[in-house]
Amino acid sequence: MATVDLKDVKKVYPGGVEAVKGVSIAIPDKELCVLVGPSGCGKSTLLRMIAGLETISAGTVAIDGKVVNAIGPTERDIAMVFQNYALYPHMKVYDNMAYGLRNRGTPKDEIDSRVRSTAKVLELSALLDRRPRELSGGQRQRVAMGRAIVRNPKVFLFDEPLSNLDAKLRGQMRVEIKNLQRTLGVTSVYVTHDQLEAMTLADILVVMNAGLVEQTGAPLDIYEKPASIFVASFIGAPPMNLLALTGSSSGKTLADGTAIGFAPPETKATTLGFRPEDADVTFNAEALSGALVLPATVEAVEPVGAESFLHCAAGGSRIVVRVSGRATAKPGDQLRVVAKSEKLHWFDQAGKRVD
Amino acid sequence: MAPQLAITLVFFYWPAGQALYQSMLRQDPFGLRTKFVWFANFRKVLADPAYLNSIKVTVVFSLATAIVAMGVALLLAVMAEKAVRGKGLYRTLLIWPYAVAPAIAGMLWLFLFNPSIGSLAYLLRSLGIAWDPLLNGTHAMILLVSAAAWKQISYNFLFFVAGLQAVPKTLIEAAAMDGAGETKRFWTIVFPLLAPTTFFLLVVNTVYALFDTFGIVHAVTGGGPGKTTETLVYKVYNDGFVNLILGDSAAQSVILMAIVIALTAIQFRYVERKVHYG
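Protein chains in written order, with the working numbering: chain A, 1 to 355; chain B, 356 to 633.
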């Protein structure tokens with residue numbers, strides 16, 4: 001139905017604060033793009049610029065190939081699901097959903113059939129005569145979704161729509177949003193600070209930091225090849241283990257003096273990283289070639305059920321290793337953490353990935 | 356006994372009781388003899404064409420004052436909300452008239468629109484309007500409503516500004532994305548959400564126009580020309596203190612008391628309970 005193209009978009013607030021410092025993203029038709037980043041990274045501002053609720057200081061936003069910088073939110077044909085749902089408190093659920101259609105002069109019987117069929121999809125049929133204050137958080141969330149869907153807009157925008165729900169409901173709604181978006185085939189932009197939501201929902205994941213895009217790509221590509229230390233530590237839970245490197249090109253050592261035993265792919269690498277699940281622990285002392293071997297002391301064990309996380313002191317830093325099932329190690333145990341060299345990530349002084 | 360209760364007794368219950376008692380008495384023109392007549396005064400007052408006229412005048416005056424005062428205040432509040440710079444100054448200036456005493460406000464308007472010396476009256480005449488509030492009842496009423504409304508606008512403005520700020524910004528944004536233009540957003544989202552404020556102000560303004568405008572009427576028109584601007588409260592004063600028909604005057608004030616009680620009941624029952632969203 002529509003593509004969304006951002007070209008070098010900037011937002012400078014009066015007073016000189018630069019919230020978005022030049023962002024370019026191309027979202028193909030029917031795909032769900034997730035903007036993820038810590039609070040204050042400019043992701044919500046960017047979304048509001050796509051919506052037309054904030055003016056664009058520089059660059060262009062194009063929907064369906066047409067630049068919409070000068071078009072107000074009323075004419076952009078976009079629907080948005082707000083964090084606090086923003087349901088009209090004085091209207092019944094039915095009227096909340098019908099409001100957008102009425103404003104666009106849709107005939108009455110068409111409004112009725114569209115509202116009722118959307119309500120059916122979202123299991124809201126029994127609630128159409130209620131007012132928002134008579135609904136639970138999850139139901140309000142559904143109404144907000146319904147209000148967006150019923151209009152059949154070119155683009156959906158989601159501004160942290162699940163952050164007011166409890167954990168269980170959040171998981172349910174996440175799956176539901178993904179299914180709905182796929183069935184309806186509407187191009188969507190979704191803002192969240194939750195990396196799990198970002199990973200599971202996105203067709204295209206955009207990791208933002210301090211008003212700039214750190215990395216754009218498919219979620220698993222980003223997970224496997226984070227472009228920077230920021231992305232590596234932001235995506236994945238628990239985050240990637242990062243260890244500082246010192247020494248010459250031939251013999252790099254860690255902060256506590258442990259030699260890593262082989263040469264990094266690039267001499268300028270100053271940080272190495274590996275994910276908790278890419279390492280293993282062993283009590284054996286034999287040498288292993290082609291692998292990073294770190295003497296470590298277990299500090300804490302977190303059993304989560306299907307897996308356990310070992311928090312260890314190693315290489316002059318704290319690291320986390322994921323072991324499946326129950327861990328045999330106890331706090332205070334001395335052991336060795338082993339990570340295969342092909343599973344290591346390398347970053348340079350500026351925090352960029354080197355391969 | 357608590358001092359508050361003593362004050363209420365002395366300044367409310369005792370005079371109210373006196374009014375009730377006086378409303379059933381009739382005196383001779385020299386105040387020498389007094390006769391207890393039960394409800395004869397009420398029957399007389401309610402059958403008096405001058406009193407019925409006064410009711411009509413009061414309804415017109417109160418409604419017009421409330422509507423003008425609230426309408427203008429709402430318009431100003433919406434504009435004040437939109438102002439980017441100088442919001443505070445704009446608000447302060449708009450709140451000032453509330454500090455002006457009713458009689459002074461009346462005098463200001465009287466001077467401005469006095470047919471012989473008023474500068475605005477001169478302006479009106481030069482625009483071809485035969486402005487004459489001293490002889491034309493409609494003109495007198497317009498002048499009275501303007502003066503009364505002008506004073507009340509500040510109060511209404513304050514409440515509307517507060518009410519507008521309480522409307523969540525995301526609702527307006529959601530409505531904008533739902534395709535509603537600015538005017539439509541105001542009437543379908545903002546105005547309904549202001550309903551609690553509006554109802555509250557409607558009661559307050561009606562009470563104001565009914566009972567607190569004596570000073571303005573007295574200063575601007577004195578109930579004239581003829582009896583075209585004689586409101587109920589002004590007639591109580593006229594009949595009692597000018598014409599010295601104390602029984603009639605007391606009966607009228609008892610009727611006014613009943614109206615106040617009814618309005619208070621309406622405010623408690625409907626305004627404070629029903630018109631809230633959350």
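Ideal Cβ placement from N, Cα and C applies to all residues, glycine included.
Coarse secondary structure for residue i, derived from DSSP in three states
| i | result |
| --- | --- |
| A:PHE274 | strand |
| A:SER233 | helix |
| A:HIS90 | coil |
| A:VAL68 | coil |
| A:GLU214 | strand |
| B:PHE596 | helix |
| A:ASN241 | strand |
| B:ASP312 | Outside the shown range of chain B (356 to 633) lies residue 312 of chain B, about which nothing can therefore be said. |
| A:GLN83 | coil |
| A:TYR13 | coil |
| A:LYS379 | Absent from the structure is residue 379 of chain A, since the part of chain A shown begins at 1 and ends at 355. |
| B:THR586 | coil |
| B:LYS506 | helix |
| B:ASN560 | helix |
| A:ALA259 | strand |
| B:GLY633 | The predicted model places B:GLY633 with a pLDDT of 45, which falls under 50 and marks its position as unreliable; any figure quoted below should be read in that light. It is coil, neither helix nor strand. |
| A:THR60 | strand |
| A:VAL191 | strand |
| B:SER608 | helix |
| B:PHE512 | helix |
| A:SER39 | coil |
| A:SER44 | helix |
Buried or exposed by the 16-neighbour rule on C-beta atoms within 10 Å, applied to residue i
| i | result |
| --- | --- |
| A:ASP166 | exposed |
| A:ASN284 | exposed |
| B:ARG388 | exposed |
| A:LEU349 | A small correction: the amino acid at residue 349 of chain A is Gln; Leu does not occupy that position in the sequence shown. So A:GLN349 counts as exposed. |
| B:THR413 | buried |
| B:ALA515 | Here residue 515 of chain B is Phe; the residue named in the question, Ala, does not match the sequence. When all chains shown are included, B:PHE515 counts as buried. |
| A:PRO38 | exposed |
| A:ARG353 | buried |
| A:ASP129 | exposed |
| A:LEU124 | buried |
| A:PRO161 | buried |
| B:TRP542 | exposed |
| B:GLY441 | exposed |
Beta-bridge pairing of residue i - partner residues as DSSP gives them
| i | result |
| --- | --- |
| A:LYS366 | Outside the displayed span of chain A (1 to 355) sits residue 366 of chain A, for which this structure offers no information. |
| A:TRP346 | A:LEU272, A:VAL354 |
| A:GLU18 | A:VAL12 |
| A:ALA339 | A:ALA279, A:LEU292 |
Alpha-carbon to alpha-carbon, residue j and residue i
| i | j | result |
| --- | --- | --- |
| A:MET392 | A:LYS30 | No answer is possible for residue 392 of chain A: the residues shown for chain A start at 1 and end at 355. |
| A:GLY185 | A:TYR88 | 27 Å |
| A:ASP355 | A:PRO264 | 9 Å |
| A:ALA218 | A:ALA198 | 11 Å |
| A:ALA51 | A:GLY22 | 17 Å |
| A:CYS41 | A:VAL206 | 12 Å |
| A:PHE347 | A:LEU242 | 9 Å |
| B:ALA495 | B:GLY473 | 14 Å |
| B:LEU418 | B:LEU364 | 33 Å |
| A:SER117 | A:LEU272 | 54 Å |
| A:LEU212 | A:ASP8 | 10 Å |
| A:SER324 | A:VAL337 | 15 Å |
| B:GLY633 | B:ILE544 | Residue confidence is low: B:GLY633 scores 45 on pLDDT, short of 50, so the model does not pin down where it sits. Its coordinate-derived value is still stated next. Going from the Cα of B:GLY633 to the Cα of B:ILE544 covers about 14 Å. |
| A:GLY351 | A:ALA269 | 9 Å |
| B:LEU448 | B:MET425 | 17 Å |
| A:GLU214 | A:PHE230 | 8 Å |
| B:PHE394 | B:MET379 | 6 Å |
| A:SER163 | A:ASP203 | 20 Å |
| B:GLY492 | B:GLY443 | 40 Å |
| A:ASP5 | A:ALA86 | 27 Å |
| A:ASN69 | B:LYS437 | 22 Å |
Unbroken stretches of the beta strand (DSSP E), 3 residues or longer, contained in the segment 274-319 of chain A: Segments of the beta strand (DSSP E) lying fully in the segment 274-319 of chain A: 279-282, 291-303, 307-314.
Contained beta strand (DSSP E) runs [length at least 3] in the segment 76-160 of chain A, N- to C-terminal order: The qualifying runs are 78-81, 155-159.
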